[in-house]
Each structure stands twice: as structure tokens, then as C-alpha cells.
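K.L.:
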Amino acid sequence: MMMIMSEKTKLDQQASSQEGEPNEQVPDWLALQLRRLNDQVMQETLPEDLLVLLKQIENNERNR
Amino acid sequence: MGATDRFLDQVTALLPALRAFGRSLCGDPARADDLVQDTVLKAWTNREQFQSGSNLKAWLFTILRNCYYSELRHRKFEIEDPEGICAGQMAVAPDHDAKLQLRDLNLALQQLPTDQREALILVCATGLSYEEAADVCQVAVGTIKSRIARARDRLVDLLGEDAADEAGSLAILDTRTAPTKQGFRSSGVS
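Each protein sequence line maps, in turn, to chains A and B.
Using our numbering, the letters of the first sequence correspond one by one to residues 647 to 710.
Using our numbering, the letters of the second sequence correspond one by one to residues 153 to 342.
As C-alpha cells, then:
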């Protein structure tokens, strides 16, 4: 399997392994996919319910 | 602009990130939005407890996470999603390979234990530091690292050996056809 990692990632991984700590480094291709998945949701339009809720909070605060 | 308006503006700006984290936790878009609504209400109610200048994003993520686990405790039986029907809804209609890959990744993510999934998402997708993720999950930094390692190994198993090659070829396509986002191509976990 092709495991693409940046040079820094490789160095960090080596250092981590030498210290006996968990090797938590994630290959670049997987990190990229995770970010894409996250970005996909972040780029969606906010649902109306949520905007209404925020407006209600704002109005309630102003009317206090 | 008053402190109240500023607080609300900051919360509003973080809503997309909250929705993404909520969706990765529960795998269900509608339920995730309910979690975000609960989070906003709780954050507003407890806004005095938030210390100005500290990390609002981590604070909101912590609230959302608490809402999620609280809801799980109150549900006597968690509704299972063995076919990945809810999880599959995360991606829009698969009209090209990249979307198919994201759908597969999302289905695989939902097969991870929640503690591993949240650690991986917080650090690798959301961009929190290990320390911030440890604060959100209320565990030690080493625990976060261990969970990420296990999540990574399981995901690679689930996605299969071709996933890296396919992702790699799509990444090359991206650089030819789309503008590069700053920092987008780094692993974000170093």
C-alpha cells in the first residue's frame, strides 16, 4: 500500500517510535480525506432552524 | 457591539465546524443538527462560565460532546445503523469518484468506536491540537494519541489497500483542476 507521508510526519513518527510513545501519525492521504469530509459539511448552508434559534436568542436578549 | 453580540457572532461563526463534528459523532445529519441546537442553547445559558480569551471552539465542542453522550445515556437502546443508511446520507449523490470515496470513508468512520472516531476527527479533520482534543474528551494527551493510532489502523483496514492509491490519484487531479487551499495538503497531525 502506498503510504504517502510528509517528511516532517516521517521524522515525527521516527522520533515518537524511538521514545516508545504511541505512533499516532496519520498518512497524508487519509488526513486529506478526513478534511474533505469535514469541509463538505462545513460548506453546507446552515439549516433554517438553527438561524431562527440564534435570532430568538438575540431578540430575547435585546428585549430584556 | 456588546459582549452578548460578540459572543453570539463567535458562536455563529463556529456553527459549521460544530455541525461537522456533530455529524461525525452520530453519523446522522438531522440528529447532528439537534445536537448543535442543544449545544447553542447550553452555551448561551452557561455563557458566564466561558472565560473570554480562552478557546471557544474547544469549549463548544466539549458541550456538544457532552450533549451527545448524555443523549446516548438517555436512549435505552441506541438505534443501530448496520446498513449505514444514516451514515450514507452524509455524502451527496455520488456523481464522481471523490464523493464515492468520501462516502466510503464516512461509512468506515461510523464503524469505529466513538472514542476513537472523535479523537481522529478532532485532531485530523478539525485541526485541534492534541492538548485541545484531550481537553474536549477529558482524557490525557497520550490517550488521544493511542486512540488516533487505533482509529487509523482500523480505517486503513476497512478502506482497503486501494484507498491510498485512489486518494493519491485524486489528490493529483485536485492540484491540476482546483485552487490549493492554504495548509490543506498537510497532514495536520504533526
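Where a beta carbon is used, it is the ideal one built from N, C-alpha and C, also for glycine.
These numbers were taken from a predicted model, which means no experiment stands behind them.
Strictly under 8 Å for the Cβ-Cβ distance: is E694(A) near chain B by that measure?
P.N.:
No, E694(A) does not count as interfacial toward chain B.
K.L.:
Measuring only the C-alpha atoms, how far is A139(B) from L259(B)?
P.N.:
Residue 139(B) is absent from the structure shown; chain B starts at 153 and stops at 342.
K.L.:
What are the start and end residues of the alpha helix (DSSP H) that includes P181(B)?
P.N.:
Run containing P181(B): P181 to T197, per the alpha helix (DSSP H) assignment.
K.L.:
L678(A) to D305(B), Cα distance in whole Å?
P.N.:
Between L678(A) and D305(B), the C-alpha separation is close to 16 Å.
K.L.:
Distance, Cα to Cα, L254(B) vs R681(A)?
P.N.:
The alpha-carbon atoms of L254(B) and R681(A) are separated by roughly 10 Å.
K.L.:
Applying a beta-carbon distance threshold of less than 8 Å, which residues of chain B neighbour N705(A)?
P.N.:
In chain order: nothing, as chain B lies at least about 11 Å away.
K.L.:
Ordered along the chain, which non-local residues of its own chain (more than five positions away) have a Cβ less than 7 Å from that of L167(B)?
P.N.:
V188.
K.L.:
Would you list, in chain order, the members of the segment 673-687 of chain A that have their beta-carbon closer than 7 Å to a beta-carbon of chain B?
P.N.:
Answer set for the segment 673-687 of chain A: P673, D674, W675, L676, A677, L678, Q679, L680, R681, R682, L683, N684, Q686 and V687.
K.L.:
Between the segment 205-220 of chain B and the segment 189-196 of chain B, do at least 3 Cβ pairs fall closer than 8 Å?
P.N.:
Because the criterion of three Cβ pairs below 8 Å is met, the segment 205-220 of chain B and the segment 189-196 of chain B touch.
K.L.:
Roughly how many angstroms separate the alpha carbons of L311(B) and T691(A), rounded to a whole number?
P.N.:
C-alpha separation (whole angstroms): 29 Å.
K.L.:
Indicate whether at least one CB of chain B lies closer than 8 Å to the CB of N709(A).
P.N.:
So, not an interface residue.
K.L.:
Kindly indicate if chain A contains any beta-carbon less than 8 Å away from that of D185(B).
P.N.:
So, interface residue.
K.L.:
In angstroms, rounded to a whole number, what distance separates the CA positions of L208(B) and A250(B)?
P.N.:
Rounded to the nearest angstrom, the two C-alpha atoms are 32 Å apart.
K.L.:
I want to see whether chain A comes within less than 8 Å of W196(B), judged by CB atoms only; does it?
P.N.:
Yes - at least one Cβ of chain A is within 8 Å of the one on W196(B).
K.L.:
Would you say A172(B) faces chain A, with C-beta separation under 8 Å as the test?
P.N.:
Interface residue, yes.
K.L.:
I need the DSSP call for A172(B), collapsed to helix, strand or coil.
P.N.:
Reduced to three states, the DSSP call for A172(B) is helix.
K.L.:
From what residue to what residue does the alpha helix (DSSP H) around S206(B) run?
P.N.:
S206(B) -> no alpha helix (DSSP H), and no H or E assigned at all.
K.L.:
Measure the C-alpha to C-alpha separation of L700(A) and A184(B) and round it to an integer number of angstroms.
P.N.:
Cα to Cα, the separation comes out at about 17 Å.
K.L.:
Kindly list, in the order they appear in chain A, the residues whose Cβ is closer than 8 Å to that of P168(B).
P.N.:
Result: V687, M688, Q689, E690 and L692.
K.L.:
Whose CA, out of E707(A), L676(A) and Q702(A), lies closest to the CA of D317(B)?
P.N.:
When only C-alpha atoms are compared, the closest one is L676(A).
K.L.:
Checking 8 Å against the spacing of the C-beta atoms, do A315(B) and A271(B) come in under that value?
P.N.:
Result no, Cβ atoms of A315(B) and A271(B) do not sit closer than 8 Å.
K.L.:
Tell me the rounded alpha-carbon separation between I324(B) and L697(A).
P.N.:
With a pLDDT of only 46 at I324(B), under the threshold of 50, the placement of this residue in the model should not be trusted; the figure read from the coordinates follows. Roughly 38 Å separates the two Cα atoms.
K.L.:
Using 8 Å as the limit for Cβ to Cβ distance, is A285(B) near chain A?
P.N.:
Not one chain A Cβ lies under 8 Å of A285(B).
K.L.:
Check whether the Cβ atoms of A210(B) and V275(B) lie closer than 8 Å to each other.
P.N.:
Result no, Cβ atoms of A210(B) and V275(B) do not sit closer than 8 Å.
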